[in-house]
């Protein structure tokens, strides 16, 4: 690839020398302050003001006790709307919790910030360092719907992406 491009370079018509040789020198002096050759110096950037309806007002509150004092969130991420990237929900069972779920947890723990395991019955032995939620309603066929409702209620606005897997 390198040899071919070196052989082709002398025959190329749109090299830098031919481009700048065909340009007006006074125009090139004016273009020194611009970011690229393609932008014209007469173009001015016009800033625009965002409307109040485009800003998320849920992060800001008015404190009624202290008059109309403006309240800012404690963390900059809350104010800017920065969320965590990936949430993983693992659908598991009581029988495979100590075998497959532990392997999934060890694999994902270094890559994912939050992993929660959902099981259908209460486990007698819970592995350490694993967040487990159990649904003991007896309707195993409704478990994915229960998991989805739980995740939306608790973590609906905290993450950019959601991954639902089974072990």
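In our numbering, the protein residues as written are 12 to 178.
Here a beta-carbon is modelled for each residue, glycine too, at the ideal position from N, C-alpha and C.
Source: prediction; values computed, not measured.
Cα-Cα separation between residue i and residue j, rounded to whole angstroms
i, j, result
"residue 37", "residue 14", "37 Å"
"residue 147", "residue 132", "5 Å"
"residue 138", "residue 108", "8 Å"
"residue 41", "residue 121", "52 Å"
"residue 104", "residue 149", "13 Å"
"residue 100", "residue 39", "58 Å"
"residue 93", "residue 135", "38 Å"
"residue 88", "residue 153", "35 Å"
"residue 164", "residue 151", "20 Å"
"residue 169", "residue 98", "9 Å"
"residue 33", "residue 60", "41 Å"
Residues that residue i bridges to, as DSSP identifies them
i, result
"residue 125", "98"
"residue 142", "127"
"residue 150", "In the DSSP output, where bridge partners are listed per residue, residue 150 has none listed."
"residue 176", "101"
"residue 166", "Answer by DSSP bridge pairing: none, since residue 166 is not bridged."
"residue 161", "The partner list for residue 161 (beta bridge, DSSP) is empty, contrary to what the question assumes."
Residue nearest to residue i in terms of C-alpha spacing, selected from the options
i, options, result
"residue 141", "171, 124 and 150", "124"
"residue 119", "174, 60 and 39", "174"
"residue 177", "126, 33, 163 and 35", "126"
Inter-residue CB distance, residue i and residue j (contact presumed, cutoff 8 Å)
i, j, result
"residue 102", "residue 155", "7 Å"
"residue 166", "residue 144", "Contact flag wrong, Cβ pair sits at about 12 Å."
"residue 96", "residue 171", "5 Å"
"residue 128", "residue 158", "That pair is no contact at about 10 Å."
Query - Any 3 or more C-beta pairs closer than 8 Å across the segment 108–115 and the segment 80–94 - result: no
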